[in-house]
Every structure is written in structure tokens, then in C-alpha cells.
Amino acid sequence: MVGTGVDIVEISRIKQAAKKWSARFLKRIFTPNELAYANGKPLPYQHLAARFAAKEAVLKAIGDSTIHRIEWVHVEILNDEHGKPVVNLSGQAKKIKQEKNISDIIISMSHTRTYAVANAIMIKNGKS
Numbered sequence: 001m002v003g004t005g006v007d008i009v010e011i012s013r014i015k016q017a018a019k020k021w022s023a024r025f026l027k028r029i030f031t032p033n034e035l036a037y038a039n040g041k042p043l044p045y046q047h048l049a050a051r052f053a054a055k056e057a058v059l060k061a062i063g064d065s066t067i068h069r070i071e072w073v074h075v076e077i078l079n080d081e082h083g084k085p086v087v088n089l090s091g092q093a094k095k096i097k098q099e100k101n102i103s104d105i106i107i108s109m110s111h112t113r114t115y116a117v118a119n120a121i122m123i124k125n126g127k128s
């Protein structure tokens, strides 16, 4: 294991930020795929907040000053064909993953009506 991270966020904070800064905020934080996924749900802000928490957890799991070089949209949280959340990295995030020899990132997300939480574990060379 390279690192672990956890984050919790109030769903109302994500909703307020989206309403205050509109598309500017959403496009800075979320990829088009993440926005499409969340907007296809009855309560999109719960899903956006869970993805925000997952991105924070991934950045915390990286765990050093390099996280400040990563753009939010370079950490993408999607679901596989079975609904399992997966992390897709691009740009500087992908480069740091390669530099740290990270082979896998395992994430878990959950939400209630008011909070979203996520945890991320970085695996090195397929070993826990």
C-alpha cells in the first residue's frame, strides 16, 4: 500500500457552490462524463458530492506536496459496468501515479441525504 485517504463533504456545500459559480465551478471540478452521470440521477448533487469526496480521498492518498500540481478534472471517478466506482487519472495525476509506481487505486463512496463520504487506497505493484 502506498497511501490511504478519506473525505467527507456536506452535499449542501457542493450544491451551493454549483449555484453560486454555476458551470465555472462544475467544469473546474468534474469531467463531462462525471457531470453526465450525476445529471442522469434524480438527486445529482449527492452523486457529485460523492465524486468530490472521492477525488479528495485520492489526493490525500497520494499524500505529498505533488497534489497541488493536480487539476481536479485529472482525477475522474466513474463506474464500471457493474456499478463499482473506478478512478481514471490523466495529466499530472497520471504522471504522479507512474512515478510512485501505483498499480491500482481502490475507492469506496457512500452518501446520505446530507453527507457524502469516500475512501481511497493506493496499491503499489498489486500488493496491499
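Quick note on full-length UniProt numbering: the sequence shown kicks off at 1 and runs consecutively.
Glycine included, every Cβ here is placed at the ideal spot set by N, Cα and C.
Being a predicted model, the structure only gives us computed values, none of them experimental.
query: Do you know whose CA, among W72, I107 and K124, lies nearest D80's CA?
result: Taking D80 as reference, the option from W72, I107 and K124 with the minimal CA-CA separation is I107.
message: Can you tell me whether I105 is helix, strand or coil according to DSSP?
response: Correct three-state label for I105: strand.
- prompt: Can you tell me whether DSSP reads E99 as helix, strand or coil?
  reply: Helix at E99.
message: Quick check on L78: does DSSP put it in helix, strand or coil?
response: Residue state for L78 is assigned as strand, using DSSP reduced to three classes.
- request: Identify, in the order they occur along the chain, each residue of the same chain with its Cβ nearer than 7 angstroms to the Cβ of K55, setting aside the five sequence neighbours on each side.
  value: Contacts found: W72, V75 and I77.
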